[in-house]
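Okay, structure first, notes after.
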Amino acid sequence: MKKEKRCYEKKLLRIFSSVLCLCMLTTACGGGTEDAGNGDDGGEAKDTLTIAVQADMADKDPINGSSTNDTLKIKANVYETLIERTVPEGEYKPLLAESWEFNDDATELTMTLREGVMCHNGEPLTAEDCLFSLRCLRESSNTSVTDHMDLENSYAVDERTFVIVMDEPYMPVIANLSFPTCVMFSQKGYEEGNGDWANMDIGTGPYTWGEWSIGSSVSLVGFDDYYVEGQPAIKNVEFRVISEDGNRYIEVETGGADMCYNLSGVDIEAAEANSDVVVFREYTTDNCYLSFNLRNSPFDDVRVRQAIAYALDIDGAWEVCMDGVGQPAEGLLPSNIPDSIADVDSPYHVDYPVYEYNLEKAKELLAEAGYPDGFSCRYHVGHMAVRQAYGEFFANALGQIGIDVEIVALDAATNSQALKVEHNFDIYTWGISATNGDIDYANRFFYTDNANNIFGYSDPEMDALIDAAAMEADSAKRSELNAEIQQKVLDECVIVPIYQQEDIHCYTSDLQGFRNGAFQAPLLKYCYFA
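In short: position in the sequence shown from 1, add 40, done, that's the numbering used here.
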């Protein structure tokens with residue numbers, strides 16, 4: 041009934057607008073004003089795209105700043121990488137680089153820039169700029185992106201060609217060059233700005249920085265010298281911060297915004313029923329998982345970890361906690377990651393969950409491990425509402441096998457400190473992804489000295505497997521090694537994947553050309569108003 045009322049009101053509004061326009065036209069013709077007829081009778085094209093976002097941008101630093109999705113969604117339109125990873129295909133294609141080629145032993149990677157790329161400060165992008173950008177990145181907090189690059193011995197051949205020298209063959213280097221922090225910029229602009237990103241506009245993207253009202257909005261302005269003719273079609277973009285989930289959709293429904301990022305699960309049904317709104321849904325390469333502090337007893341016992349896995353109803357938890365968003369985990373890593381053994385077409389496919397929901401089996405394993413009456417533990421769920429909901433669901437489940445769970449919900453910074461620095465936890469939830477599109481990024485979660493190895497897993501055999509897979513140039517052999525890594529993680533129950541995440545956005549039907557990019561960052565340069 042409400043929908044019919046809205047449609048009726050819109051119809052009346054269109055009739056009123058038509059009458060008003062007719063009256064104005066009649067007045068103009070009859071009144072004999074001097075500038076009558078000088079305007080375009082179609083009216084001016086809309087030139088501002090307004091997007092409702094969940095959180096403000098953290099900073100303007102593209103290489104050393106926050107890597108949260110909310111911030112990346114904005115920066116990805118100002119700064120660009122040499123290589124683009126397409127979504128959902130997962131292919132690596134030219135962006136700032138026109139082409140690239142390894143030498144015979146994969147110890148040198150020759151990059152050729154496309155012609156006509158200009159930086160926002162008016163300087164052309166050169167090979168020397170790119171090497172300078174990579175060296176700045178090496179000095180940042182995101183040093184893993186330049187892994188195995190010997191940048192001291194890398195060199196420019198000419199204005200558009202440079203060679204990245206590798207200290208050893210490392211196949212994920214292509215994926216790393218598509219990573220959102222691996223952006224190229226003007227060396228001259230960086231030096232003149234003393235490296236102060238807050239006051240520099242030296243990228244190559246389709247948009248330049250506009251105004252930033254901290255906590256309220258961020259605006260971008262189309263770059264007139266962008267190297268692709270006709271892009272961006274929409275000259276101005278405004279990101280408006282609306283933290284309340286439901287209010288972002290209301291802004292789109294009422295015309296206050298043209299698009300909203302991170303549509304709330306409770307608003308999906310209304311948005312899909314609205315003929316004036318388009319809902320975009322796409323699975324990400326992220327799994328949320330539950331894991332353990334393997335440094336401490338009893339979680340250093342694989343039987344205890346397996347018992348907990350058997351006690352978790354993965355499908356049931358998703359039904360209760362997710363409001364129809366995403367899907368239950370289908371494997372250690374989502375099937376849309378190349379070489380994932382969740383892919384049903386993979387020769388190494390493994391059905392998931394490996395530990396099917398079975399409370400009796402869980403109790404048997406606990407007793408076998410020496411805990412017939414269970415034990416007490418703390419479960420860190422962080423600040424996200426969905427992970428807190430999962431925490432309550434799983435706490436009840438573990439209570440059925442004698443494990444008494446204390447839920448610990450902390451803000452993001454405090455939770456990260458407890459997990460990553462202090463290692464002060466028993467079990468927890470976090471996310472795992474091949475963030476750069478290459479499975480090596482996810483494999484590194486299980487490498488002894490990796491920052492993402494929160495659980496404290498350490499196995500020299502696993503480290504050797506991960507290194508071997510990263511260096512293997514033969515794709516079939518690399519797939520076999522990647523499958524072995526995933527199988528080992530499942531056998532040892534290092535983590536228990538629980539759900540796959542999903543991007544859900546919505547926008548008005550007159551907005552055309554929407555395309556999602558890597559790292560959940562929509563590519564606004566393709567958008568235009570019908």
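Even for Gly, the Cβ is constructed at its ideal location relative to N, Cα and C.
- About 5 angstroms separates the beta carbons of Ala409 and Val344, which is inside the 8 angstroms limit, making them a contact pair.
- Each residue's CA atom was taken as its position, placing Gly270 and His420 some 49 angstroms apart.
- Per DSSP, the unbroken alpha helix (DSSP H) holding Gly439 starts and ends at Ala425 to Gly439.
- Per DSSP, the unbroken beta strand (DSSP E) holding Tyr419 starts and ends at Ser416 to His420.
- Straight across, the Cα-Cα distance linking Tyr301 with Ala92 is about 6 angstroms.
- Using a Cβ distance threshold of 7 angstroms, Val306 and Asp363 count as a contacting pair.
- By the Cβ-count criterion, Lys403 is buried, with 16 or more other Cβ atoms from all chains shown falling within 10 Å of its own Cβ.
- By the C-beta criterion, the stretch 549 to 565 is judged to be in contact with the stretch 316 to 331, since at least 3 inter-stretch pairs fall below 8 angstroms.
- In the structure shown, the three-state DSSP call for Gly262 is strand.
- By the Cβ rule, the stretch 279 to 293 counts as touching the stretch 93 to 102, because three or more pairs are nearer than 8 angstroms.
- About 4 angstroms separates the Cβ atoms of Glu124 and Leu135, confirming a contact at the 8 angstroms cut-off.
- When DSSP states are grouped into helix, strand and coil, Ile494 belongs to the coil group.
- Ranked by Cα distance from Val445, the first of Arg418, Ile538, Met240 and Asp451 is Arg418.
- Non-local beta-carbon contacts of Asn493 in its own chain, meaning distances under 7 angstroms to residues more than five positions away in sequence, involve Phe485, Phe486 and Tyr487 in chain order.
- Closest option to Gly235, judged by alpha-carbon separation, among Ser184, Arg280 and Ile103: Ile103.
- Boundaries of the beta strand (DSSP E) around Thr469: Ile467 to Ser473.
- Its chain contains Asn117, Val118, Leu260, Val261, Gly262, Phe263, Pro272, Val277, Leu564 and Lys565 as the residues whose beta carbon lies nearer than 8 angstroms to that of Tyr247, once the 5 sequence neighbours on both sides are disregarded; these appear in chain order.
- Per DSSP, reduced to three states, the secondary structure at Arg200 is coil, with no helix or strand assignment.
- Of all C-beta pairs linking the stretch 441 to 459 to the stretch 382 to 389, fewer than three are shorter than 8 angstroms, placing the two stretches out of contact.
- Annotation for Ile91: the continuous beta strand (DSSP E) segment containing it runs Thr88 to Val93.
- Excluding five sequence positions before and after Gly233, the CB atoms of its chain that fall closer than 8 angstroms to its own CB belong to Asn239, Met240 and Ile242, given in chain order.
- A Cβ-Cβ distance of about 16 angstroms is found for the pair Gly366 and Ser380, leaving them out of contact under the 8 angstroms criterion.
- Short of 8 angstroms from the beta carbon of Glu512, and not among the five residues preceding or following it, lie these beta carbons of its own chain, in chain order: Met211, Arg518 and Leu521.
- For Ser283, the closest alpha carbon among the candidates Glu293, Leu303 and Tyr481 is that of Leu303.
- With a cut-off of 8 angstroms on Cβ pairs, the stretch 421 to 437 is in contact with the stretch 463 to 475, counting three or more such pairs.
- The shortest CA-to-CA distance from Val203 to any of Gly245, Ser256, Asn143 and Glu120 is the one to Asn143.
- With a 10 Å radius around the Cβ and a threshold of 16 neighbouring Cβ atoms, Pro500 comes out exposed.
- Judged by beta-carbon spacing, Val319 lies beyond the 7 angstroms limit of Glu309, meaning their Cβ atoms are not closer than that value.
- Here Ser257 carries a strand assignment [DSSP, helix/strand/coil].
- Secondary structure note for Ile535: its beta strand (DSSP E) is the uninterrupted segment Ile535 to Thr548.
- In terms of Cα proximity to Ala482, the closest of Ser498, Ile506, Lys460 and His463 is Ile506.
- Between Arg175 and Leu153 the beta-carbon gap is near 17 angstroms, outside 8 angstroms, which marks them as no contact.
- Annotated as distal: Ala349 and Tyr411, with beta-carbon spacing of 7 angstroms or more.
- Here Asp236 carries a coil assignment [DSSP, helix/strand/coil].
- Sequence-distant partners of Ser375 (beyond 5 residues in either direction) whose C-beta falls short of 6 angstroms from its own C-beta, in its chain, are Ala382 and Asp383.
- For Gln457, the number of other beta carbons within 10 angstroms of its own is below 16, and it is reported as exposed.
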